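To start, the structure itself, in structure tokens.
Residue numbers (my numbering), protein chains in the order written: chain A, 160 to 499; chain B, 2 to 410.
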């Protein structure tokens, strides 16, 4: 309780990490089957302080520190979900989920189908995904495309604090495995929170994108941290008379292709922006889906993908900065797509 | 109740002397107790079958324990008949599956359990149906002991809509209440089983979780990760290694630096058990279950057992082991024969009675096979169902952009 009151900054805004904290706190309180496990989630208050105060409030039974054994504790979390609990399994970063990916895919995602609906797996896998700052190649990969490839999973990627709160609550209440991709660089970013989001029953539906900015010239589809970049790029372009419609995906799987199509049918131009690598990625899928649907005939130009550079993440700042989409890259890509 | 006849002693090849007397048994002069069995507790010359007897069983090897399971155990006639029937059902079900596979009516993977029946039956005899169990892919026997019917198991193998998973899962993915499969990825079921144990502990329901794995899986890293957490958190988990001497085609000597699988849990107490003797397995399981339920944490059991078939139906099973070895185990240690001998030589059942059970089991299997070969395949409309649980209907892309399929949860 004390934790969530502390969450609001003097400006009335809330940081993403506190929104996540509040979501977990509310769901832990609401349903005694919910529990959190992962490395350093309890006594350390979370490696990135996302679970701050929860162990103090709920104790050892519900907030569990695990040894550094991802495959083991992820399997344990999935088994607990099969037996009727509702675990939140934290990966310190999603890079470490690779050690446990068999449990996520083969034990969690596929089980409901293999058992013909007999065995459900109500679990949330959450943690920071994608690039951070200066953490180099093994700690910077984006897993959106990998997890979103697999039927049986829902894959969610919030941007704002409100996204984080509403989507995490939905994920925890969902009876199916949800991969919840946070972003470390967003944890400390404050956002306005709507009146509605203060409610303990506030949820955002999984599978619906949000139009963050209305526009008429180009549809810019993005997720997570790059929503900020795209909005900044849109502000710059607006001065030149180019109005971008920025769509925050919120959910990667299932992809809200209807919202994208409706927008493309209005703007006739499509640009996707993501931090992940280009090949076989989120942008690639959006382009393929749009091409297969009614919006294709409205395109005045081929769709453009703005992505991370197709290399392992380097360390030096100048190299790292140039490995990811910058605002100037987004602006240039939009202009090229519009042929201006 | 079947007609009674004189008891035969199997190891002596005597011609049967059949004496029918109204519900009375005349003990054959050729009767003598089987080596290793104690004398019948309640011997009544002109009585019905013995209702229970005490048996001497092999002592378990122990690891980090002060005492071992009992070596003098009681089995009632009813228990014996039940164990016999269940083991025989599993045996015949697996042999029928072999037949159907060779006829190409069962396809894909099929890992048969014949030879190992005492493990599944003994374990179930030591726990309750309200406890939980998970195993790997050699799972048909467990699906049965955990409540599945032969009919729905066989129909799942043949991929029909009447299958226990509606034809969606196949041999390795069968589920019933408190039975979490059937798992195809070697070793993955062990952390899952510990997670089920965590749920038992969390919910305070005094239930426990049995996680099975083979000698091949025993070297998996995730199993050691699981041992660590189970011991640390004192989870009510029994880890059971079914050591049938071969991981696919690799013998234990060629895959493990230490083949003392019951010691591999290190700080977790362990038992090495004769997995061909249903009573040994039962006693060890009860011992382990008591340990877990008293809050002492996990326990490890190694069951020394044997599979007659190869690893799967695509393995003849003789390139890495000799036919002589297989024959020797069949001749000396078959779990069903061991039980049968015990019961016959202790007046607990008659040859005819057991034969009747055999006939009844055979019929059950035949009927199930008939169902499994005639039941239709699942309807195509249900192709995309059950991706999610308790979820809104959703649309699923078919093989091309113009095909949209429906998924109902």
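Glycine is no exception: its CB is placed at the ideal position from the N, C-alpha and C atoms.
Computed from a predicted structure; not experimentally measured.
*What residues from the segment 115-136 of chain B come within 9 Å of chain A, judged by C-beta to C-beta, listed N to C?*
When C-beta distances to chain A are compared with 9 Å, the residues of the segment 115-136 of chain B below that value are 133, 135, in chain order.
_Partners in chain B for residue 279/A, counting only beta-carbon separations shorter than 8 Å_ = What residue 279/A touches in chain B: 390, 391.
*Under 8 Å between C-beta atoms of residue 231/B and residue 311/B*: No; because the gap between Cβ atoms is not below 8 Å, this pair is not in contact.
*Counting only beta-carbon atoms, is residue 144/A nearer than 8 Å to chain B?*
Any question about residue 144/A goes unanswered here, given that chain A covers just 160 to 499.
*asked:* Distance check for residue 232/A and residue 118/B, CA to CA, integer angstroms please.
replied: Answer to the nearest angstrom: the Cα atoms are 32 Å apart.
*Report buried or exposed for residue 121/B, applying the criterion of at least 16 other Cβ atoms within 10 angstroms of its Cβ.*
It counts as buried.
*Roughly how many angstroms separate the alpha carbons of residue 190/B and residue 146/B, rounded to a whole number?*
The alpha-carbon separation between residue 190/B and residue 146/B amounts to approximately 18 Å.
*Which of helix, strand or coil does DSSP assign to residue 206/A?*
Annotated three-state conformation of residue 206/A is coil, per DSSP.
_Best match in 210/A, 472/A, 393/A for proximity to residue 487/A [C-alpha to C-alpha]_ = Here the closest residue by C-alpha is 393/A.
*asked:* Comparing C-alpha positions only, which one of 186/A, 190/A, 176/A sits nearest to residue 358/A?
replied: With distances taken between Cα atoms, residue 358/A lies closest to 186/A.
*asked:* According to DSSP, is residue 498/A part of a helix, a strand, or is it coil?
replied: Looking at residue 498/A - three-state DSSP - the assignment turns out to be coil, as it is neither helix nor strand.
*Counterpart residues of residue 275/B in DSSP-defined beta bridges*: 305/B, per the DSSP bridge assignment.
*Helix, strand or coil: how does DSSP classify residue 244/B here?*
DSSP places residue 244/B within a strand segment (E or B) once states are collapsed to three.
*chain A beta carbons: is any one of them nearer than 8 Å to that of residue 407/B?*
No, residue 407/B does not count as interfacial toward chain A.
*For chain B, is any of its Cβ atoms less than 8 Å away from the one on residue 470/A?*
Using beta-carbon distances, residue 470/A does not count as an interface residue toward chain B, since no partner is under 8 Å.
*Compare the Cα-Cα distances from residue 333/B to each of 345/B, 306/B, 289/B, 384/B and report the closest residue.*
The shortest Cα separation from residue 333/B among 345/B, 306/B, 289/B, 384/B belongs to 306/B.
*Alpha carbon to alpha carbon, how far is residue 168/B from residue 98/B?*
Distance from the CA of residue 168/B to the CA of residue 98/B, rounded to the nearest whole angstrom, comes to 16 Å.
*DSSP three-state call for residue 93/B: helix, strand or coil?*
Per DSSP, reduced to three states, the secondary structure at residue 93/B is helical.
_One question on the structure: do residue 429/A and residue 378/A come within less than 8 Å of each other, judged by their Cβ atoms?_
Yes.
*chain A beta carbons: is any one of them nearer than 8 Å to that of residue 23/B?*
Caution is warranted here: a pLDDT of 38 is assigned to residue 23/B, below 50, making its placement in the model unreliable, and no coordinate value can be reported.
_Does any residue of chain B have a CB that is nearer than 8 Å to the CB of residue 487/A?_
Chain B, which has no Cβ nearer than 8 Å to the Cβ of residue 487/A, makes this no.
*asked:* Quick check on residue 402/B - is its C-beta less than 8 Å from some C-beta in chain A?
replied: Closer than 8 Å: yes.
_Spatial neighbours of residue 339/B within its chain, please: C-beta separation below 7 Å, excluding the five flanking residues on both sides._
Apart from the 5 residues on each side of it in sequence, residue 339/B sits with its Cβ closer than 7 Å to the Cβ of 277, 278 in its chain, given in chain order.
*What's the call for residue 269/A, buried or exposed, on a 16-neighbour Cβ count within 10 Å?*
Flag for residue 269/A reads buried.
*Test: residue 207/B CB closer than 8 Å to a CB of chain A*: Output row for residue 207/B: interface = no.
*Could you run through the segment 441-457 of chain A and flag, in chain order, every residue whose CB is less than 7 Å away from some CB of chain B?*
Only 451 from the segment 441-457 of chain A bring a Cβ to less than 7 Å from some Cβ of chain B.
*Answer with yes or no whether the minimum CB distance from residue 413/A to chain B is below 8 Å.*
At least one chain B Cβ lies under 8 Å of residue 413/A.
_Min CB distance residue 484/A to chain B below 8 Å_ = Not one chain B Cβ lies under 8 Å of residue 484/A.
*Can a CB atom of chain B be found closer than 8 Å to the CB of residue 500/A?*
In the structure as shown, chain A starts at 160 and stops at 499, and residue 500/A therefore has no counterpart that could be examined.
_Between the alpha carbons of residue 199/A and residue 227/A, how many angstroms are there, rounded?_
About 9 Å.
_Contacts that residue 225/A makes with chain B (C-beta to C-beta distance below 8 Å)_ = Neighbours of residue 225/A on chain B, chain order: 230.
*Classification of residue 336/B by the beta-carbon crowding that lies within 10 angstroms, buried from 16 upward*: So residue 336/B counts as buried.
*Three-state secondary structure (DSSP) of residue 138/B*: Residue 138/B: coil per DSSP, three-state reduction.
_Just to confirm my understanding: we take residue 191/A, look at its own chain, exclude 5 residues before and 5 after, and list those with CB closer than 6 Å. What are they?_
Excluding residues within five positions, none has a Cβ falling inside 6 Å.
*Anything in chain B within Cβ reach of residue 235/A, meaning under 8 Å, just list it in chain order.*
Within chain B, 192, 193, 195, 196, 199, 227, 230 have C-beta atoms less than 8 Å from the C-beta of residue 235/A, given in sequence order.
*chain B residues whose Cβ lies nearer than 8 Å to that of residue 213/A*: Ordered by position in chain B, no residue passes the 8 Å Cβ test against residue 213/A, which lies about 16 Å from the chain.
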